[in-house]
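S.K.: In UniProt numbering, the protein residues as written are 1 to 99.
Glycine included, C-beta positions come from ideal geometry on N, C-alpha and C.
Predicted, not measured: the structure shown is a model, and the values here were computed from it.
The structure's right below; bear with me while I get my questions together.
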């Protein structure tokens, strides 16, 4: 069973450059963006499940969630974030920063 992570900091009016965090701090994410390429797997999920889906895959460093699909990715290059309306892109904090 996949656990959900709660979205904290989300407001009805968002700024696409604001980084949000899951309630436990393990996942960081932005709204209206995607990380193109570097896909390793994808799974149907809710937005609230996507961070946990990524965490459950030891090769997943970051993800894009759009249209009910969580696209897990493997690269530490998150500088290639591009705009995609209604999508969410994020990363697993300790896999990206090696904490």
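1) Please list the segments of the beta strand (DSSP E) lying wholly inside the UniProt domain "Apple" (29–94), counting only runs of 3 or more residues, in order along the chain.
2) Around the C-beta of residue 50, are 16 or more other C-beta atoms found within 10 angstroms, so that it is buried, or is it exposed?
3) Between the Cα of residue 33 and those of 97, 85, 99 and 73, spot the shortest distance and give me the residue it belongs to.
4) Tell me, which residues are paired with residue 20 by DSSP?
5) Would you mind giving the Cβ-Cβ distance between residue 73 and residue 28, rounded to the nearest angstrom? I have them listed as a contact below 8 Å.
M.R.: By the coordinates alone:
1) Within the UniProt domain "Apple" (29–94), the complete beta strand (DSSP E) runs of at least 3 residues are 39–44, 62–66, 69–73 and 81–92.
2) In the chain shown, the residue the question calls residue 50 occupies position 50. With a 10 Å radius around the Cβ and a threshold of 16 neighbouring Cβ atoms, residue 50 comes out buried.
3) To locate residue 33, count along the chain shown from 1; it is residue 33. Minimum Cα distance to residue 33 is reached at 85.
4) Counting from one through the chain shown, the residue named residue 20 turns up at place 20. The beta-bridge partner set that DSSP reports for residue 20 consists of 29.
5) Your numbering for residue 73 matches position 73 in the chain shown. Your numbering for residue 28 matches position 28 in the chain shown. By a beta-carbon distance limit of 8 Å, residue 73 does not contact residue 28. Their separation comes to about 14 Å.
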